[in-house]
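Asks: Let me begin by handing over the structure; questions about it come next.
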Amino acid sequence: MAPTRKVKQPRTGFDSKDLAIVDALGQLGGKVSAEELAEITGYAARTIRHRLKRLRDNGYLAQLYAQTHEYRLGQGDVILVLQESSMRPCSLKDILSSIPWFYYHGPTYGKYNGYITHALYSLDEPDSIPRIANELLSLGIIDDYFFFETIDYESRRGNFKFFEYNKGWNWDWTQWIAETEQRISTSRNHSIALDFNPQVMSFDTTDLKLLRELKIESHRTLKELGDTVGLSETQVKRRITRLEQEGIIKGYRWNLCKIELPLYLYVFMEIPENTEAILMSFYHLPFPCEIAMESRTKYCVRIRLYGTELPGLLRGLTRIRGYTRSFFVQLAHDIPDVPADLSDLYYNESSGKWEYPVDDVLSQIRKRCKQ
70 MAPTRKVKQP RTGFDSKDLA IVDALGQLGG KVSAEELAEI TGYAARTIRH
120 RLKRLRDNGY LAQLYAQTHE YRLGQGDVIL VLQESSMRPC SLKDILSSIP
170 WFYYHGPTYG KYNGYITHAL YSLDEPDSIP RIANELLSLG IIDDYFFFET
220 IDYESRRGNF KFFEYNKGWN WDWTQWIAET EQRISTSRNH SIALDFNPQV
270 MSFDTTDLKL LRELKIESHR TLKELGDTVG LSETQVKRRI TRLEQEGIIK
320 GYRWNLCKIE LPLYLYVFME IPENTEAILM SFYHLPFPCE IAMESRTKYC
370 VRIRLYGTEL PGLLRGLTRI RGYTRSFFVQ LAHDIPDVPA DLSDLYYNES
420 SGKWEYPVDD VLSQIRKRCK Q
């Protein structure tokens with residue numbers, strides 16, 4: 070997670086070489102050298118450095134940020150889907166915007182019509198998000214809600230080999246549906262890299278400060294990071310390596326400025342069997358997506374795509390739905406590509422706990438409704 074920043078709108082001049090470089094960046098995880106990119110693309114390192122600078126200057130490569138595993142930092146991470154009441158006494162959007170640890174949200178339509186939000190809580194206070202949701206319910210701001218807790222997640226980059234800059238995605242939905250059905254019907258084992266029992270790791274406030282900087286912009290030198298957090302280059306490198314090895318940093322991703330704002334499709338599923346085969350079907354899509362796990366049978370897949378791709382995807386989901394115990398879809402829009410970051414704001418070093426002021430928020434919500 071990282072603070073949302075206003076980025077430049079891209080100019081013209083994006084070509085197939087640029088697209089190949091962007092695809093290679095995704096393959097290698099973002100933090101790579103021009104020499105490493107040269108090995109994949111076949112272009113000279115000097116050419117790549119020039120083009121990377123131009124892509125950043127023109128707003129195509131907006132921000133490189135670290136993706137983190139909040140559970141390993143002692144925080145729960147949930148997706149909350151809220152059915153907004155037509156008789157609400159105050160604005161649900163304003164309430165969500167006023168709670169910092171509801172770190173991003175947007176309008177949603179589907180089984181629930183209202184807002185979908187991602188929120189953090191302290192693992193020491195597992196009832197904090199339900200308390201807020203139930204307060205919204207009791208005040209008549211929402212009529213219902215759905216709660217999904219993310220134990221672990223995996224983020225997949227877009228495969229830009231299927232993307233033409235001036236035309237969009239070139240994807241064969243009929244073939245994907247056929248391959249999905251074949252994959253599910255066979256007994257082959259598929260590897261899904263999700264941890265069913267993640268552990269909270271040891272960390273300190275310096276780690277949190279460093280993570281904050283890496284979430285804001287990871288494309289900085291060790292010296293620049295060290296000057297910001299008060300560490301030497303060696304100390305910064307040592308800490309980053311440890312955070313990566315312990316799975317607190319899951320990877321790095323470029324925020325690619327888009328020509329048009331995409332839709333977000335959330336698929337909530339309970340899968341009694343063939344779980345890995347079904348999830349692998351989503352991994353084979355070319356679109357950027359995240360797969361979140363609540364338990365061994367409950368998953369949420371979030372796919373970023375343009376509206377023109379919806380008919381094909383929905384045809385495929387109709388096939389997948391037949392293999393699930395429960396299943397529903399939410400469409401969302403106007404969600405930031407990069408969520409806001411909290412890092413050390415609510416961490417109490419003395420107690421070694423995350424302390425979110427839930428009671429204060431509940432009081433503020435009640436006051437809003439009385440105004």
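Position 276 of the sequence shown, counted from 1, bears residue number 345 in our numbering, the numbering being contiguous throughout. Every residue gets a Cβ at the ideal spot worked out from N, C-alpha and C, and that includes glycine. Small disclaimer: the values here were computed from a predicted structure and weren't measured.
Between the region 346-360 and the region 220-238, do three or more beta carbon pairs fall short of 8 Å?
Replies: yes
Asks: May I ask you to list the residues that DSSP assigns as paired with residue 423?
Replies: Counting from 1 along the sequence shown, the entry for residue 423 is found at position 354. The partner list for residue 423 (beta bridge, DSSP) reads 416.
Asks: Can you find the residues in the same chain that come closer than 6 Å, C-beta to C-beta, to residue 242, ignoring five residues on each side of it along the sequence?
Replies: Start at 1 with the first residue of the sequence shown, and residue 242 comes out as number 173. Excluding sequence neighbours, residue 242 sits near 381.
Asks: Work out the CA separation of residue 295 and residue 301 for me, nearest whole Å.
Replies: Against the sequence shown, residue 301 aligns to sequence position 232. Against the sequence shown, residue 295 aligns to sequence position 226. Those two C-alpha atoms are separated by around 5 Å.
Asks: Could you check whether residue 209 and residue 154 sit closer than 7 Å to each other, using their CB atoms as the reference points?
Replies: By 1-based counting over the sequence shown, the position of residue 154 is 85. By 1-based counting over the sequence shown, the position of residue 209 is 140. A contact, by the Cβ cut-off of 7 Å.
Asks: Beta carbon of residue 283, beta carbon of residue 135: below 7 Å?
Replies: Within the sequence shown, residue 283 is the residue found at index 214, counting from 1. Within the sequence shown, residue 135 is the residue found at index 66, counting from 1. The criterion of a C-beta distance shorter than 7 Å is satisfied by residue 283 and residue 135.
Asks: Do residue 133 and residue 288 have their C-beta atoms within less than 7 Å of each other?
Replies: Here residue 133 refers to the residue found at position 64 of the sequence shown. Here residue 288 refers to the residue found at position 219 of the sequence shown. Their beta carbons are under 7 Å apart, which means residue 133 touches residue 288 by this criterion.
Asks: Within its chain, find whatever has a CB closer than 6 Å to the CB of residue 192; leave out the 5 residues flanking it on each side and keep chain order.
Replies: Translated into positions along the sequence shown, residue 192 becomes position 123. Same-chain partners within the cutoff: 143, 145.
Asks: What number of angstroms, rounded off, separates the C-alpha of residue 104 from the C-alpha of residue 320?
Replies: Along the sequence shown, read from residue 1 onward, the residue named residue 104 stands at position 35. Along the sequence shown, read from residue 1 onward, the residue named residue 320 stands at position 251. Rounded to the nearest angstrom, the two C-alpha atoms are 20 Å apart.
Asks: Using 10 angstroms around the beta-carbon of residue 418, count the other beta-carbons present and answer buried if the total reaches 16, otherwise exposed.
Replies: As a first step, residue 418 must be located in the sequence shown, where it is residue number 349. With fewer than 16 other Cβ atoms within 10 Å, it is exposed.
Asks: If you count every other CB in all the chains shown that lies within 10 Å of the CB of residue 239, and 16 or more means buried, which is it?
Replies: In the sequence shown, the residue the question calls residue 239 occupies position 170. The residue in question, residue 239, is exposed, as its Cβ has fewer than 16 Cβ neighbours within 10 Å.
Asks: Is residue 196 buried or exposed, if buried means 16 or more other CB atoms sit within 10 Å of its CB?
Replies: Position 127 of the sequence shown, counted from the first residue, corresponds to residue 196. With fewer than 16 other Cβ atoms within 10 Å, it is exposed.
Asks: Would you call the region 348-357 in contact with the region 297-314, where contact means no fewer than 3 C-beta pairs closer than 8 Å?
Replies: no
Asks: Buried or exposed for residue 85, please, with buried defined as at least 16 other CB atoms from any protein chain shown within 10 angstroms of its CB.
Replies: For the purposes of this step, residue 85 is taken as the residue at position 16 of the sequence shown. Label assigned to residue 85: exposed.
Asks: Under 8 Å by Cβ, that's how I've got residue 91 and residue 229 pegged, so tell me the actual separation to the nearest angstrom.
Replies: Position 22 of the sequence shown, counting from 1, holds the residue named residue 91. Position 160 of the sequence shown, counting from 1, holds the residue named residue 229. Correct: roughly 6 Å between the Cβ atoms.
Asks: Out of curiosity, what's the CA-to-CA distance linking residue 247 and residue 423?
Replies: Translated into the one-based positions of the sequence shown, residue 247 becomes position 178. Translated into the one-based positions of the sequence shown, residue 423 becomes position 354. Roughly 47 Å between the two C-alpha positions.
Asks: Determine contact between the region 336-346 and the region 200-209, defined as no fewer than three beta-carbon pairs at a distance below 8 Å.
Replies: no
Asks: When you compare only the Cα positions, how much space is there between residue 378 and residue 266?
Replies: On the sequence shown, residue 378 is found 309 positions in, with the first residue counted as 1. On the sequence shown, residue 266 is found 197 positions in, with the first residue counted as 1. Answer to the nearest angstrom: the Cα atoms are 35 Å apart.
Asks: So residue 319 is in the beta strand (DSSP E); what residue range does that whole segment cover?
Replies: Within the sequence shown, the letter at position 250 stands for residue 319. Judged by DSSP secondary structure, residue 319 falls within the beta strand (DSSP E) whose first and last residues are 318-325.
Asks: Go through its chain and collect everything with a Cβ distance to residue 114's Cβ below 6 Å, but skip five positions before and after it.
Replies: Here residue 114 is taken as the residue at index 45 of the sequence shown, counted from 1. These residues qualify, in order along the chain: 103, 104, 107.
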